[in-house]
Amino acid sequence: MELNVPDTHGDARGLAKRFPADFVWGVATSAYQIEGATREDGRGDSIWDEFCRRPGAIRDASSGDVACDHYHLYESDLDLIASLGVRAYRFSISWPRVQPLGEGAFSESGFEFYSRLVDGLLRRGIAPHATLYHWDLPQALQSQGGWMNRATIDRFTAYATEVVRRLGGRLASIATHNEPWVVAILGHEAGIFAPGGKDRRIAMQVSHHLLVSHGRAVQAMRAAGCRAPMGIVLNQSPIHPATDSETDHAKARLDDGLIIRWYMDPLLTGSYPADVIEHLGADAPQIQDGDMDAVRQPLDFLGINYYTRSVAATGESKDGCEPRREVTDMGWEVFPAGLSELLRRLHADYDLPPVYIMENGAAYKDALIDGRVADPDRIRYLSSHIAALADALDTGVDVRGYFVWSLLDNFEWADGYSKRFGIVHVDYATQRRTVKDSALWYRDFLIGS
Ligand code: FCB
243 MELNVPDTHG DARGLAKRFP ADFVWGVATS AYQIEGATRE DGRGDSIWDE FCRRPGAIRD
303 ASSGDVACDH YHLYESDLDL IASLGVRAYR FSISWPRVQP LGEGAFSESG FEFYSRLVDG
363 LLRRGIAPHA TLYHWDLPQA LQSQGGWMNR ATIDRFTAYA TEVVRRLGGR LASIATHNEP
423 WVVAILGHEA GIFAPGGKDR RIAMQVSHHL LVSHGRAVQA MRAAGCRAPM GIVLNQSPIH
483 PATDSETDHA KARLDDGLII RWYMDPLLTG SYPADVIEHL GADAPQIQDG DMDAVRQPLD
543 FLGINYYTRS VAATGESKDG CEPRREVTDM GWEVFPAGLS ELLRRLHADY DLPPVYIMEN
603 GAAYKDALID GRVADPDRIR YLSSHIAALA DALDTGVDVR GYFVWSLLDN FEWADGYSKR
663 FGIVHVDYAT QRRTVKDSAL WYRDFLIGS
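Everything in the sequence shown is counted per our numbering, starting at 243 for the first residue and increasing by one.
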């Protein structure tokens, strides 16, 4: 298909030249958002299956029951990835699909699915990058307290160990958790994601258990002889004060502590930031002997998901701050410079392992017209963020890869199917996939790389 998007092709190739030849370019998805087949082949319920049944939890009252039906359509989806010239794919493994109750028996058919998926990728020359936990905790574990229960740390470690026993030798990388801040805060304090809790003390304890489970799983997977690079994926953004007021600056510093340093410090230096511990007071987590050593395992890579910057506003500046500029369909400001700013800052403050941007992308109101989706806004979003990434590389940050979120339009959590993040359009009534202009732009960009 020929594209009628002036200039972007030439620009795409020029942009590609700013990256080293071995830079990893990929696309990303996660299990619950695309697989469907939630009741097939013995898969257990996850907390998202349960959450979706709650009236009002999901904006369009939908669920991941069918989603993109990727569980059945994965072969053609892999062909699609290959057709775009993409050589790396980030996916997640559904814990309840491979271990329905989160403890005890593993599911052969569950593991066979991921084994076929990984082999299908390798056969097409696409590197498989796996994430162990992209938010779909087995519901049976939630019934025992979920991530608030320390026993879940051991369950996660056992699950991770079995994954590498079965698949480890074939994986290009393994990330333990995706966005522990989101799991802890949106899932346990804000209550807008599964399991829907609203308690800050629990949320902070959960964040601690997630971090400990990361470290213990990495230890166990390495002890099991797995040589795949291991890391974790954090959601991050620079946090800017809305105004120059003292209080906005203080809020920006605190948010930075809660969102960035709360995860980066323990992972890379072995302790929580003192200002945040002080701020939390009685809500600070209980820490057992050995926990912090466990959290701080040498990382082979750090994954970062970047979508937008955050603006910290207090009191009057909350309503009075300047209207946001260009935003995506999520209402998130388009702010590519935040990506290079964030990376430079992390590089300055920490002794970083190699960094991978594991997610970056945008939702727009796409229209499928005559077999085509023209999405120039998404092309601009992707190209400007990739340019910002090149700027970060120029200043010496060791970034090794970038994954577009997402390959497919999919189940966008509490927003259901109302937000389309794919570079490939999905017609949910027919499951027909249509490559959007942005996917063709990415393909062209990759030809230049
Ligand atoms: C991230 C999630 C991913 C997707 C994007 C839009 O927070 O990791 O699953 O929903 O946001």
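The beta-carbon is built from N, C-alpha and C at its ideal position, and this holds for glycine as well.
Leaving aside the five residues before and after residue i along the sequence, list all residues of the same chain whose C-beta is less than 7 angstroms from its C-beta, in chain order.
| i | result |
| --- | --- |
| residue 500 | 518 |
| residue 647 | 270, 601, 602, 603, 663 |
| residue 280 | 291, 306, 307 |
| residue 468 | 406, 410 |
| residue 412 | 360, 364, 370 |
| residue 427 | 445 |
| residue 498 | 481 |
Please report the straight-line C-alpha distance between residue i and residue j, rounded to a whole angstrom.
| i | j | result |
| --- | --- | --- |
| residue 400 | residue 555 | 43 angstroms |
| residue 271 | residue 483 | 32 angstroms |
| residue 448 | residue 613 | 46 angstroms |
| residue 630 | residue 470 | 29 angstroms |
| residue 678 | residue 273 | 22 angstroms |
| residue 262 | residue 527 | 42 angstroms |
| residue 541 | residue 507 | 13 angstroms |
| residue 355 | residue 313 | 8 angstroms |
| residue 601 | residue 264 | 19 angstroms |
| residue 610 | residue 641 | 35 angstroms |
| residue 584 | residue 552 | 11 angstroms |
| residue 485 | residue 496 | 15 angstroms |
| residue 377 | residue 524 | 27 angstroms |
| residue 636 | residue 266 | 17 angstroms |
| residue 597 | residue 502 | 15 angstroms |
| residue 576 | residue 493 | 22 angstroms |
| residue 689 | residue 557 | 50 angstroms |
| residue 297 | residue 288 | 17 angstroms |
| residue 534 | residue 318 | 44 angstroms |
| residue 504 | residue 532 | 18 angstroms |
| residue 285 | residue 337 | 9 angstroms |
| residue 479 | residue 671 | 36 angstroms |
| residue 348 | residue 536 | 26 angstroms |
| residue 323 | residue 332 | 11 angstroms |
Excluding five sequence neighbours on each side, which residues of the same chain lie with their C-beta closer than 6 angstroms to the C-beta of residue i?
| i | result |
| --- | --- |
| residue 375 | 419 |
| residue 316 | 359 |
| residue 283 | 351 |
| residue 431 | 442, 445 |
| residue 658 | 300, 301, 302, 304 |
| residue 243 | In this prediction, residue 243 has a pLDDT of 41, which is less than 50 and means its spatial position is unreliable; nothing more can be read from the coordinates. |
| residue 373 | 334, 417, 420 |
| residue 345 | 397 |
| residue 574 | 549, 550 |
How far does the beta strand (DSSP E) with residue i in it extend, from its first residue to its last?
| i | result |
| --- | --- |
| residue 569 | Unbroken run through residue 569: none, as it is neither H nor E. |
| residue 551 | First-last for residue 551: undefined, no H or E at that position. |
| residue 600 | 597-602 |
| residue 419 | 415-420 |
| residue 645 | 641-647 |
| residue 352 | Residue 352 -> not in any beta strand (DSSP E); alpha helix (DSSP H) instead, spanning 350-365. |
| residue 557 | Unbroken run through residue 557: none, as it is neither H nor E. |
When you compare the CB positions of residue i and residue j, do they come within less than 7 angstroms of one another, or not?
| i | j | result |
| --- | --- | --- |
| residue 225 | residue 343 | Since the displayed the chain opens at 243 and closes at 691, residue 225 lies outside it and no answer follows. |
| residue 387 | residue 320 | no |
| residue 455 | residue 398 | yes |
| residue 459 | residue 414 | no |
| residue 687 | residue 258 | yes |
| residue 633 | residue 582 | yes |
| residue 293 | residue 438 | yes |
| residue 472 | residue 395 | no |
| residue 669 | residue 559 | no |
| residue 310 | residue 650 | yes |
| residue 477 | residue 423 | yes |
| residue 652 | residue 275 | yes |
| residue 617 | residue 660 | no |
| residue 589 | residue 666 | no |
| residue 578 | residue 521 | no |
| residue 256 | residue 685 | no |
Locate the alpha helix (DSSP H) running through residue i, then write down its first and last residues.
| i | result |
| --- | --- |
| residue 293 | 289-294 |
| residue 301 | Unbroken run through residue 301: none, as it is neither H nor E. |
| residue 506 | 504-511 |
| residue 338 | 337-340 |
Leaving out the 5 sequence neighbours to the left and right, which residues in its chain are closer than 8 angstroms to residue i when beta-carbon positions are compared?
| i | result |
| --- | --- |
| residue 656 | 299, 300, 301, 434, 435 |
| residue 695 | Here the chain has residues from 243 to 691 only, and residue 695 is not among them. |
| residue 511 | 538, 592 |
| residue 513 | 507, 534 |
Please check if any C-beta of chain B sits within less than 7 angstroms of the C-beta of residue i.
| i | result |
| --- | --- |
| residue 432 | The structure shown contains no chain B; it is built from a single protein chain. |
Assuming residue i and residue j are in contact, meaning their beta carbons sit under 8 angstroms apart, how far apart are those beta carbons, in whole angstroms?
| i | j | result |
| --- | --- | --- |
| residue 392 | residue 466 | About 22 angstroms; that fails the 8 angstroms criterion. |
| residue 462 | residue 403 | 5 angstroms |
| residue 643 | residue 268 | 7 angstroms |
| residue 615 | residue 545 | About 28 angstroms; that fails the 8 angstroms criterion. |
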